[in-house]
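Using our numbering, you'd call the opening residue of the sequence shown number 1156 and step up by one each time. Idealized CB from N, CA, C, for every residue including glycine. Worksheet: the structure to be examined is printed underneath.
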Amino acid sequence: MILFDTHCHLADPKLFPHHREIINRARDSGVRYLLTVGYDGESNQKSVEIARGAKGVYAAVGIHPNEEGEVELPEDPEIVAIGETGLDYYRDQVNPKAQIEKFIKHIEIARDRELPLIIHTRKAFPDLIAILKGEGYYHGVCHCFSGDEAIARKLTDLGLYISFSGSLTYGSKRLENALTSIPLNRLLFETDSPYLSPLKGKVNEPANLRFIIAHAASILRMDPEELASITTENGKILFRI
1156 MILFDTHCHL
1166 ADPKLFPHHR
1176 EIINRARDSG
1186 VRYLLTVGYD
1196 GESNQKSVEI
1206 ARGAKGVYAA
1216 VGIHPNEEGE
1226 VELPEDPEIV
1236 AIGETGLDYY
1246 RDQVNPKAQI
1256 EKFIKHIEIA
1266 RDRELPLIIH
1276 TRKAFPDLIA
1286 ILKGEGYYHG
1296 VCHCFSGDEA
1306 IARKLTDLGL
1316 YISFSGSLTY
1326 GSKRLENALT
1336 SIPLNRLLFE
1346 TDSPYLSPLK
1356 GKVNEPANLR
1366 FIIAHAASIL
1376 RMDPEELASI
1386 TTENGKILFR
1396 I
């Protein structure tokens, strides 16, 4: 299988000291493409540096909705997306008004650079959809999807991709039903490592993507190789790789 981990955090302190070994393990597990995603100024810069030094690794830069700070994002040929960005009302580090303002700024940057958005959303789907419609920019992916079937349909009807992480393996019927409702040409997979490991008690890493895809294939009653092929191609199309 040729796999594409469309969202991992190689700049995270749990992974960065060993990121070269982690990339090698990912390649040994069939992960040919990795997108390492920044969430603040330091991780943005590290993500770009990692991508510069490793074939098949690309970077996204953004300010997570729960992070303070101005939206000042680097430019580099290795950057293929803007994010992660979005809205997170589950936590309260940053008030919703400030989150919305930052999200719109990310949309403006993505539009200006003609790049897709990587969107993080928790407990905020109505506002997310309203903002996207207001801005008229639907080029991107809702990563680590946590919504239901109805929300998935609304997002894919707008033209967004939906990405599932290791949380899909935790037995949520809501997520399983959402997965089966998504057109295959709008489906992506990710590890969101070092978080949400499909292996209980383990720090997650991109090499574990194969377990997530195997689980998804069983839900969809598909061959894992076929699902991997389709979703890898989807990632290459979205991120222009």
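Cβ shell of residue i (< 6 Å), same chain only, five flanking positions each side left out
i: Leu1165; result: His1174, Thr1191 and Ile1205
Status (buried if at least 16 other CB within 10 Å, exposed otherwise) for residue i
i: Pro1349; result: buried
i: Lys1257; result: buried
i: Ile1157; result: exposed
i: Thr1335; result: exposed
DSSP state of residue i mapped onto helix, strand, coil
i: Asp1167; result: coil
i: Glu1360; result: coil
i: Arg1182; result: helix
i: Asp1282; result: helix
i: Ile1218; result: coil
i: Asp1160; result: strand
i: Val1235; result: strand
i: Leu1395; result: Checking the sequence, you will find Arg at residue 1395 rather than Leu. Correct three-state label for Arg1395: coil.
Identified DSSP bridge partners for residue i
i: Tyr1245; result: None; Tyr1245 has no bridge partner.
i: Gly1295; result: Leu1272
i: Ser1318; result: Leu1343
i: Tyr1213; result: Leu1190
i: Arg1308; result: Looking at the DSSP assignment, Arg1308 forms no beta bridge with any residue, so it has no partner.
i: Arg1277; result: Asp1243
Residues of its chain near residue i, where Cβ-Cβ distance is below 8 Å and the 5 sequence neighbours each way are ignored
i: Ile1274; result: Gly1238, Glu1239, Thr1240, Gly1241, Leu1283, Gly1295, Val1296, Cys1297, His1298 and Leu1315
i: Asp1303; result: Arg1329, Asn1332 and Ala1333
i: Asn1444; result: Since the first and last residues shown for the chain are 1156 and 1396, residue 1444 lies out of range.
Minimum Cβ-Cβ distance from residue i to chain C less than 8 Å
i: Ser1184; result: The displayed structure is made up of one protein chain only, and chain C is not part of it.
Close Cβ partners of residue i (< 7 Å) along its chain, the five nearest in sequence each way excluded
i: Lys1169; result: Pro1349 and Val1358
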